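Q: Under numbering that gives the first Met the number 0, the first residue of the sequence shown is numbered 0, with each subsequent residue one higher. From the three backbone atoms N, C-alpha and C, an ideal C-beta is built for every residue, glycine too. These numbers were taken from a predicted model, which means no experiment stands behind them.
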Amino acid sequence: MGKKNCGNRGVTLIEKWVRHLPETAVRNRREYIRSYFCGSREEQEKEVWRSLSEQWRKVFLAACVFLGVIFLAAGSEWLGAKDISIHRDRDGEELNRELNIDTGKEKESYDLIIHPKAYTEKEERKAFDKAKSYLKKHMKGDNPSLNEVKGRLHFPEQIPGNQVKISWDTGDLSLIDEAGNVFNEDLKEPVIIKVNTSLSYGEHREMIMTPVRLVPGQADKKGTKIDGIKKKLEQIEKENAGKDTFRIPSSINGSEITEADKGNGRLPALAAIGILCLVLLWYTEEERQKQKKAKAVKETMEEYPIIISRFVLLLGAGMTIQGAVHSIGSSFDRDHPKFVYRQFQQADKKIALGMSQAQALRELGSSIQLPCYKKLSVLLSQSLLRGTRDLLSRLEEEETEAFSERKETARRKGEEASTKLLMPMILMLIVILTLLMVPAFLSFS
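(1) Looking only at DSSP bridge pairs, what is Leu-111 linked to?
(2) Measuring only between beta-carbons, confirm whether Ser-392 sits less than 9 Å from chain D.
(3) So if DSSP puts Glu-246 in a beta bridge, which residue, or which two residues, is it bridged to?
(4) For the region 171-182 and the region 153-162, state whether three or more C-beta atom pairs, one from each stretch, are separated by less than 8 Å.
(5) In this structure, does DSSP put Thr-169 in helix, strand or coil?
(6) Please report the distance separating the alpha-carbon of Gly-150 from that of Ile-274.
(7) As an exercise, report each continuous beta strand (DSSP E) stretch of at least 3 residues that is fully enclosed by the region 252-328, in chain order.
(8) For Pro-438, does the three-state DSSP call read helix, strand or coil?
(9) Exposed or buried, which one is Glu-396 when buried takes at least 16 other CB atoms within 10 Å?
(10) When you compare only the Cα positions, how much space is there between Ser-442 and Ala-126?
(11) Assign Gly-328 to one of two classes, buried (16 or more other C-beta atoms within 10 Å of its C-beta) or exposed (fewer than that).
(12) Round the Cβ separation of Ile-165 and Ser-197 to the nearest angstrom and send it over; I've been treating them as touching at under 8 Å.
(13) Compute the distance between the beta-carbons of Leu-313 and Gly-322, then report whether it is under 9 Å.
(14) When you compare only the Cα positions, how much space is there between Val-430 and Glu-415?
(15) Quick check: Leu-111 and Asn-99, are their CB atoms within less than 9 Å of each other?
(16) State buried or exposed for Ile-320, treating a residue as buried only when at least 16 other CB atoms are found within 10 Å of its CB.
(17) Would you please state the rounded distance, in angstroms, between the beta carbons of Ile-113 and Glu-97? I believe it to be under 8 Å.
(18) Please report the straight-line C-alpha distance between Glu-147 and Val-211, rounded to a whole angstrom.
(19) Thinking C-alpha only, which one of Cys-371, Val-64, Pro-189 is nearest Glu-404?
(20) Return the bridge partner residues of Val-58 from the DSSP annotation.
(21) Would Thr-102 and Glu-258 qualify as a contact pair, given that the criterion is a beta-carbon distance under 9 Å?
(22) Could you tell me the alpha carbon to alpha carbon distance between Arg-393 and Pro-304, rounded to whole angstroms?
(23) When the distance is taken between beta carbons, is Lys-337 closer than 9 Å to Glu-298?
(24) In whole angstroms, give me the CA-to-CA distance for Glu-238 and Gly-160.
(25) Pull up the distance between the alpha-carbon of Phe-310 and that of Arg-26, whole angstroms please.
(26) Within the chosen definition, does the region 38-52 reach the region 65-72 through at least 3 CB pairs nearer than 8 Å?
(27) Run through DSSP, which three-state label would Met-424 get?
(28) Taking the alpha-carbon positions, what's the Val-339 to Ala-295 distance?
(29) Tell me whether Ala-409 is buried or exposed, calling it buried when 16 or more other Cβ atoms sit within 10 Å of its Cβ.
(30) With a 10 Å radius around its C-beta and 16 neighbouring C-beta atoms as the bar for buried, classify Val-194 as buried or exposed.
(31) Going by alpha carbons, who is nearest to Arg-246 out of Leu-434, Glu-46, Ile-85, Glu-202?
(32) Using C-beta distances below 7 Å, list every residue in its chain close to Ser-380, excluding the 5 sequence neighbours before and after it, in chain order.
(33) In angstroms with no decimal places, state the Cα-to-Cα distance between Ile-367 and Leu-384.
(34) In the DSSP assignment, the beta strand (DSSP E) including Pro-143 goes from what residue to what residue?
(35) Buried or exposed, going by whether 16 or more other CB atoms sit within 10 Å of the CB of Tyr-282?
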């Protein structure tokens, strides 16, 4: 019982929302319903609100499902902090994975370089040459040259895009440490430091000695916590150099590590897709109503020549207008209902209940909402007031005109169908010509 009451409250809530829809939406739906729905004005009005409630109910249920998906996606990202799976490129290309580092006090994005697997002998020689060129160009860091070093030197442990490992030995850590930090605040005069660089890849080792002239200056700033985490990430990548896939922990030294492309773009994209689907769901029902209206109008127009012909036949046989309306209205079949015959049936019922024939015929033309039927209702209602002397001849003229229009419509549809068939016929001709000409050309060659 409680579930039933809950469901009724949900329906009532949706009906209240529907009552607050813009008047334009209600008016358009009322127009669509009137063009195809077979029923009284009260029944039509009920159908208008029923269809709007059903449409809103579908959108409401879809919105609930969509919000559930959003909450599940957000929960899986916020609650389930898992290690990050990294895949190396199988084609030997270098990859970058953007990671977010959150220490609690600092936040920064970091591009972790994912190096490819082992070199061949030829690739190894090229890698060493590339490493030497890189160090020659970038070792000075932001200093003017290695002959005038005041600030930090660039001592990478590995060259970007290169698997050759590098280690450094300055001989005097009190002046230059292995990270390239310079301690020259106590210097009184320039000093020459011999920096030894060891390049290694597997069993291959090469040593380079580079003289560096250190001049007096200010001490370097200490590295931040994020710098240490970056080095840890690079160390993890190097330790797994021989693996196609490895994992990065979700936390390093109490700092959170996340993928930059995970969670930032997924939820907004998911929200945009969901909103788009809800809008499309609403307008799909609008389009369905338009199609039902178009179908009813088409059927009603197709029946017009037949109805005029039946009026001519019945009135010519001596039947009254009311009898002709009753005969046409009785053609309404509930198994295969057509809107126009239902309207004639409704007009016959109105006359039987006491409405004047002229009023019922005028309402018949208004309910069908097509010019030809309005013209017919005017002819019939006027004949009740002025007599039926010219009615039969005018109906015969209308019959001739209606069948001519029907023939013209059929001819136009035939032309449209032939135009649609033209392209497939051209494609078939091209295929046939190809089948005939290709063997001929092959035989000549």
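A: Let's see:
(1) Position 112 of the sequence shown, counted from the first residue, corresponds to residue 111. DSSP, once it has assigned bridges, lists Arg-96 as partnering Leu-111.
(2) Of the protein chains in the structure, only one exists, and it is not chain D.
(3) The residue you call residue 246 lines up with position 247 of the sequence shown. First, the residue type needs correcting, since residue 246 is Arg and not Glu in the sequence shown. The partner list for Arg-246 (beta bridge, DSSP) reads Ser-84.
(4) In short, these stretches touch, since the Cβ pair count reaches three.
(5) Start at 1 with the first residue of the sequence shown, and residue 169 comes out as number 170. Reduced to three states, the DSSP call for Thr-169 is coil.
(6) For the purposes of this step, residue 150 is identified with residue 151 of the sequence shown, where counting begins at 1. For the purposes of this step, residue 274 is identified with residue 275 of the sequence shown, where counting begins at 1. Going from the Cα of Gly-150 to the Cα of Ile-274 covers about 54 Å.
(7) 254-258
(8) Taking the first residue of the sequence shown as 1, we reach residue 438 at position 439. In this structure, Pro-438 counts as helix in the three-state DSSP scheme.
(9) The residue labelled residue 396 in the question sits at position 397 within the sequence shown. By the Cβ-count criterion, Glu-396 is exposed, with fewer than 16 other Cβ atoms from all chains shown falling within 10 Å of its own Cβ.
(10) Taking the sequence shown and counting its residues from 1, one reaches residue 442 at position 443. Taking the sequence shown and counting its residues from 1, one reaches residue 126 at position 127. The straight-line gap separating the alpha-carbon atoms of Ser-442 and Ala-126 is approximately 55 Å.
(11) To locate residue 328, count along the sequence shown from 1; it is residue 329. Answer is buried; the Cβ neighbour count reaches 16.
(12) To locate residue 165, count along the sequence shown from 1; it is residue 166. To locate residue 197, count along the sequence shown from 1; it is residue 198. The pair is a contact, with the Cβ atoms about 7 Å apart (cut-off 8 Å).
(13) Along the sequence shown, one-based indexing puts residue 313 at 314. Along the sequence shown, one-based indexing puts residue 322 at 323. A Cβ-Cβ contact shorter than 9 Å links Leu-313 with Gly-322.
(14) Counting from 1 along the sequence shown, the entry for residue 430 is found at position 431. Counting from 1 along the sequence shown, the entry for residue 415 is found at position 416. When rounded, the distance between both Cα atoms is 24 Å.
(15) The residue given as residue 111 occupies position 112 in the sequence shown. The residue given as residue 99 occupies position 100 in the sequence shown. Going by C-beta atoms, Leu-111 is not nearer than 9 Å to Asn-99.
(16) Numbered from 1 along the sequence shown, position 321 holds the residue referred to as residue 320. Ile-320 is buried by the Cβ-count criterion.
(17) As a position in the sequence shown, residue 113 is number 114, starting the count at 1. As a position in the sequence shown, residue 97 is number 98, starting the count at 1. In fact, because the Cβ distance is near 11 Å, the residues do not count as touching under 8 Å.
(18) Here residue 147 refers to the residue found at position 148 of the sequence shown. Here residue 211 refers to the residue found at position 212 of the sequence shown. Taking the straight line from one Cα to the other gives about 8 Å.
(19) Numbered from 1 along the sequence shown, position 405 holds the residue referred to as residue 404. The option with the nearest alpha carbon to Glu-404 is Cys-371.
(20) For this step, residue 58 is matched to residue 59 along the sequence shown. According to DSSP, which records beta bridges pairwise, Val-58 is partnered with nothing at all.
(21) For the purposes of this step, residue 102 is taken as residue 103 along the sequence shown, with counting starting at 1. For the purposes of this step, residue 258 is taken as residue 259 along the sequence shown, with counting starting at 1. With a cutoff of 9 Å on beta-carbon distance, Thr-102 and Glu-258 are scored as not near each other.
(22) Taking the sequence shown and counting its residues from 1, one reaches residue 393 at position 394. Taking the sequence shown and counting its residues from 1, one reaches residue 304 at position 305. Computed Cα separation, rounded: 14 Å.
(23) Within the sequence shown, numbered from 1, the residue matching residue 298 stands at position 299. Within the sequence shown, numbered from 1, the residue matching residue 337 stands at position 338. Yes, the pair counts as a contact, with Cβ atoms nearer than the cut-off.
(24) Locating residue 238 in the sequence shown gives position 239, where the first residue counts as 1. Locating residue 160 in the sequence shown gives position 161, where the first residue counts as 1. Their Cα atoms are separated by approximately 16 Å.
(25) Looking up residue 310 in the sequence shown gives position 311. Looking up residue 26 in the sequence shown gives position 27. In this structure, the alpha-carbon of Phe-310 lies about 34 Å from that of Arg-26.
(26) no
(27) Numbered from its first residue, the sequence shown carries residue 424 at position 425. Looking at Met-424 - three-state DSSP - the assignment turns out to be helix.
(28) In the sequence shown, the residue the question calls residue 339 occupies position 340. In the sequence shown, the residue the question calls residue 295 occupies position 296. Those two C-alpha atoms are separated by around 8 Å.
(29) Along the sequence shown, one-based indexing puts residue 409 at 410. It counts as exposed.
(30) Here residue 194 corresponds to residue number 195 of the sequence shown, with the count starting at 1. Buried: at least 16 other Cβ atoms inside 10 Å.
(31) One-based indexing of the sequence shown puts residue 246 at position 247. Residue Ile-85 is the option with its Cα nearest to Arg-246.
(32) Translated into positions along the sequence shown, residue 380 becomes position 381. Excluding sequence neighbours, Ser-380 sits near Ala-357, Leu-360, Arg-361.
(33) Numbered from its first residue, the sequence shown carries residue 367 at position 368. Numbered from its first residue, the sequence shown carries residue 384 at position 385. Going by the C-alpha atoms only, they are around 22 Å apart.
(34) Mapped onto the sequence shown, residue 143 falls at position 144. First-last for Pro-143: undefined, no H or E at that position.
(35) The sequence position of residue 282 within the sequence shown is 283, counting from 1. With fewer than 16 other Cβ atoms within 10 Å, it is exposed.
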